Amino acid sequence: LLAMCTTAAAAVSMEGEHLWILKSLPVKPEEILWAKSDLQFFLCLPALGFLWAVLFFSLEIRWTEGLIAVIYVLLLTRFLSYVNVIWGVLFPNLTWTNELIPLKRSLSVVLALLGGVLEVSVPLLIYISLSPRIGAQPTQMGLLVSMFVACWLAHRWIKKKGVQRWVEL
Numbered sequence: 278l279l280a281m282c283t284t285a286a287a288a289v290s291m292e293g294e295h296l297w298i299l300k301s302l303p304v305k306p307e308e309i310l311w312a313k314s315d316l317q318f319f320l321c322l323p324a325l326g327f328l329w330a331v332l333f334f335s336l337e338i339r340w341t342e343g344l345i346a347v348i349y350v351l352l353l354t355r356f357l358s359y360v361n362v363i364w365g366v367l368f369p370n371l372t373w374t375n376e377l378i379p380l381k382r383s384l385s386v387v388l389a390l391l392g393g394v395l396e397v398s399v400p401l402l403i404y405i406s407l408s409p410r411i412g413a414q415p416t417q418m419g420l421l422v423s424m425f426v427a428c429w430l431a432h433r434w435i436k437k438k439g440v441q442r443w444v445e446l
């Protein structure tokens, strides 16, 4: 579900030829990009709540593992929203005649879909391969720390280079 939400990737392209309107508003470009990221993040929260409820009621897991899983999935959701904003800024499709074009024929959306699948499946494969050897909690903590670092790096890129690229569009 997380990998299929690409609203932030298409959000930059949806402005199209009317991007100048956003640029003329008395709003910082950084705030516009954060709003696009936040939209995707908050759209994913109801699905995450449902999945967490299913997880906790169907599996018998310790509360520490459950808490780590909740924090990890929140960080992953935030990371996906940041990466999708990055794709949207790097590969916008600003010349279109129909509103469906940025959603269906945009490189940023394709990269968001493919990258989202990789960003979800690679940590899962790491967990499956490492948890029998070093234990579930150390593997979860390692993935949690790596996801936190990835979020921080993506946030930093958007704040510096992403804003600069958006202004230049």
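In this note's numbering, the protein residues as written are 278 to 446.
The beta-carbon is built from N, C-alpha and C at its ideal position, and this holds for glycine as well.
What you are looking at is a predicted structure, and each value in this text was computed from that prediction instead of being measured.
Find the nearest neighbour of residue i within the set the options, judged by alpha-carbon distance.
i: Cys282; options: Lys438, Gly393, Leu421 and Leu446; result: Gly393
i: Asn375; options: Ala286, Glu294, Pro415 and Ile411; result: Glu294
i: Gln317; options: Ala346, Val360 and Glu337; result: Val360
i: Ala287; options: His432, Ser383 and Leu402; result: Ser383
i: Val350; options: Leu325, Trp373, Trp297 and Ala330; result: Leu325
i: Ala223; options: Ala413, Lys436, Val304 and Trp443; result: Nothing about residue 223 can be read from this structure; the chain reaches only from 278 to 446.
i: Leu446; options: Leu336, Arg355 and Leu367; result: Leu367
i: Arg433; options: Pro409, Val362 and Leu296; result: Val362
i: Cys321; options: Leu371, Leu278 and Thr341; result: Leu278
Can you tell me the Cβ-Cβ gap for residue i and residue j, rounded? I've got them flagged as a contact below 8 Å.
i: Trp364; j: Ser398; result: Not confirmed; about 18 Å, so no contact.
i: Ala280; j: Leu390; result: 7 Å
i: Glu396; j: Leu357; result: 6 Å
i: Val289; j: Pro369; result: 5 Å
i: Leu353; j: Met418; result: With a Cβ gap of about 15 Å, Leu353 and Met418 do not count as contacting.
i: Pro323; j: Trp443; result: Wrong, their Cβ atoms sit about 28 Å apart, outside the cutoff.
i: Gly343; j: Phe334; result: The pair is not a contact, with the Cβ atoms about 11 Å apart (cut-off 8 Å).
From residue i to residue j, what does the alpha carbon distance come to, in whole angstroms?
i: Ala431; j: Ile338; result: 31 Å
i: Leu310; j: Leu302; result: 14 Å
i: Leu328; j: Ala427; result: 23 Å
i: Tyr404; j: Lys300; result: 43 Å
i: Ser221; j: Leu336; result: Past the boundaries of the shown model lies residue 221; the chain is included only from 278 to 446, so the question cannot be answered.
i: Trp373; j: Leu401; result: 37 Å
i: Leu296; j: Leu407; result: 46 Å
i: Val387; j: Met291; result: 15 Å
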